[in-house]
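Undergrad: Just so we're aligned: the sequence shown equals residues 1063 to 1376 in this note's numbering. Built from N, CA and C at the ideal position, the CB exists for glycine as well. Below you'll find the structure I mean.
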Amino acid sequence: MYTSRQLADILLTNYYSNSDLGQNFLIDDSVIESISSLADLNLKSKKRKILEIGLGPGALTQKLLQYGHEVIGIEIDKTICNHISQIFEKEINSKQLILIEGDALQSEWPPDFTDIIANIPYQISSPLLERITTVCNNGHKIESCVFMFQEEFARRISGDKYISNRGPLWISTSLDWEITLGRKISSSSFKPQPKIESRLVNLKRRELLISKEILEYLESKNLEAPNKRLIRAISATSFNQRRKKLRNSLKRQPSKLKLKHGYDPKKWEIIMKSAFLSMGDRFFDSRPEELSLQDWIEFSAQIMKSKKELQTLS
């Protein structure tokens, strides 16, 4: 068994990291242990089939295999694929490790993995989350993900605890995932050292809009659960003009809500006026970062209720 630094040194003997691919390799075994803990890799829970994106020298891969899990690795760099094939020849031959050379944003993903664990290039953070959302919407049951993100990005997706970081990314992610921030990672844990700090993040799959807590809350307000499209559309429009009050930024119907989705631009002003009145005086002068996730859900539910009432009168 190799240490993280040994694996990096073996790879870098005849190879230079590619900055265009965001390659900064882990050389800190304590970080690997932190990932293991956050992902709950102990086999006392269950054996898993895990998708690892961006294998690098193989330190994380080694830990996943050591715990007995099956691993599907997607790696874009051919030299790294050759390195992994040599280091884990036995595991590849036994099919415990399946190695795919390709771009994780473009390659076809196998249909049967349940978890994603990855130390990814930070420039693909947003598009990767979008890809995962698309895969889940198409019926793939991904239970949890553990990523290493740039510290700033990690705070943006967990914006509920950091009001200044609240934005559409936080709302969109929180509807589908329960977000837990893990350990902050120093740049000294990598070779070469990046100029930024990193953070481990655990995402556990959930359907917040049909959760017992949210459904009971909405029922107490005589409301039905809204759809994700509406929440994402009004939050994105509002945060694009975050200095404005909601009543001003939402005067016009968001471009993502079309007539085919049941929203008539000619009736939008009437719908919004009714929804704002239902939310009360405090809400009328609110700015987007002042709203909790529950506020966005309730407000969206009020918009849907107002739309239905208007359609009934028509």
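1. In chain order, what residues of the same chain have a beta carbon less than 6 Å from the beta carbon of residue 1220, not counting five sequence neighbours either side?
2. Report buried or exposed for residue 1148, applying the criterion of at least 16 other Cβ atoms within 10 angstroms of its Cβ.
3. What is the DSSP secondary structure of residue 1066, reduced to helix, strand or coil?
4. Report yes if the C-beta of residue 1266 is less than 6 Å from at least one heavy atom of the ligand HEM; otherwise report no.
5. With distances taken between CB atoms, is the gap from residue 1298 to residue 1319 smaller than 7 Å?
6. Have a look at residue 1375 and residue 1368 and give me their C-alpha separation to the nearest angstrom.
7. Looking at the unbroken alpha helix (DSSP H) that takes in residue 1278, where does it start and where does it end?
8. Below 8 Å on the Cβ atoms is my contact criterion, and I expect residue 1121 with residue 1179 to pass it. Report the Cβ-Cβ distance as a whole number of Å.
9. Determine contact between the segment 1259 to 1269 and the segment 1200 to 1220, defined as no fewer than three beta-carbon pairs at a distance below 8 Å.
10. Where residue 1314 and residue 1227 are concerned, what is the direct C-alpha to C-alpha distance, given to the nearest angstrom?
11. Suppose you measure from the CA of residue 1128 to the CA of residue 1067; what does that come to, to the nearest Å?
12. Just tell me which of 1186, 1360, 1279 has its CA closest to the CA of residue 1342.
13. For residue 1221, which of helix, strand or coil comes out of DSSP?
14. Using CA coordinates, which residue listed in 1111, 1354, 1189, 1150 is at the minimum distance from residue 1172?
15. Please check the pair residue 1237 and residue 1293, which I expect to be a contact at CB under 8 Å, by giving their CB distance rounded to whole angstroms.
16. Helix, strand or coil: how does DSSP classify residue 1204 here?
17. Applying the criterion that 16 or more other CB atoms from any shown protein chain within 10 Å of the CB defines a buried residue, is residue 1288 buried or exposed?
18. Which of the three DSSP states is assigned to residue 1302 in this structure?
19. Identify every residue that forms a DSSP beta bridge with residue 1369.
20. Taking its Cβ as the centre, do 16 or more other Cβ atoms sit within 10 Å of residue 1168, making it buried, or is it exposed?
21. Distance check for residue 1150 and residue 1109, CA to CA, integer angstroms please.
22. Would DSSP call residue 1286 helix, strand or coil?
23. Can you tell me whether residue 1346 is buried or exposed, with buried defined as 16 or more other CB within 10 angstroms of its CB?
24. Within 10 angstroms of the Cβ of residue 1305, are there 16 or more other Cβ atoms? Answer buried if so, exposed if not.
25. Quick check on the DSSP output: what are the complete beta strand (DSSP E) runs of length 3 or more inside the segment 1133 to 1210, in order along the chain?
26. Give a yes or no on whether the C-beta atoms belonging to residue 1134 and residue 1175 are separated by under 7 Å.
27. Just checking my contact of residue 1251 with residue 1088 at CB under 8 Å: how many whole Å lie between their CB atoms?
28. Which one or two residues does DSSP pair with residue 1242 in a beta bridge?
TA: Per the coordinate set shown:
1. 1241, 1243
2. exposed
3. helix
4. No copy of the ligand HEM appears in this structure; indeed no ligand is present at all.
5. no
6. 11 Å
7. 1274 to 1282
8. With a Cβ gap of about 12 Å, residue 1121 and residue 1179 do not count as contacting.
9. yes
10. 25 Å
11. 17 Å
12. 1360
13. helix
14. 1111
15. 7 Å
16. coil
17. buried
18. coil
19. Bridge partners of residue 1369: none, in fact.
20. exposed
21. 19 Å
22. coil
23. exposed
24. exposed
25. 1159 to 1163, 1177 to 1181
26. yes
27. 6 Å
28. 1264
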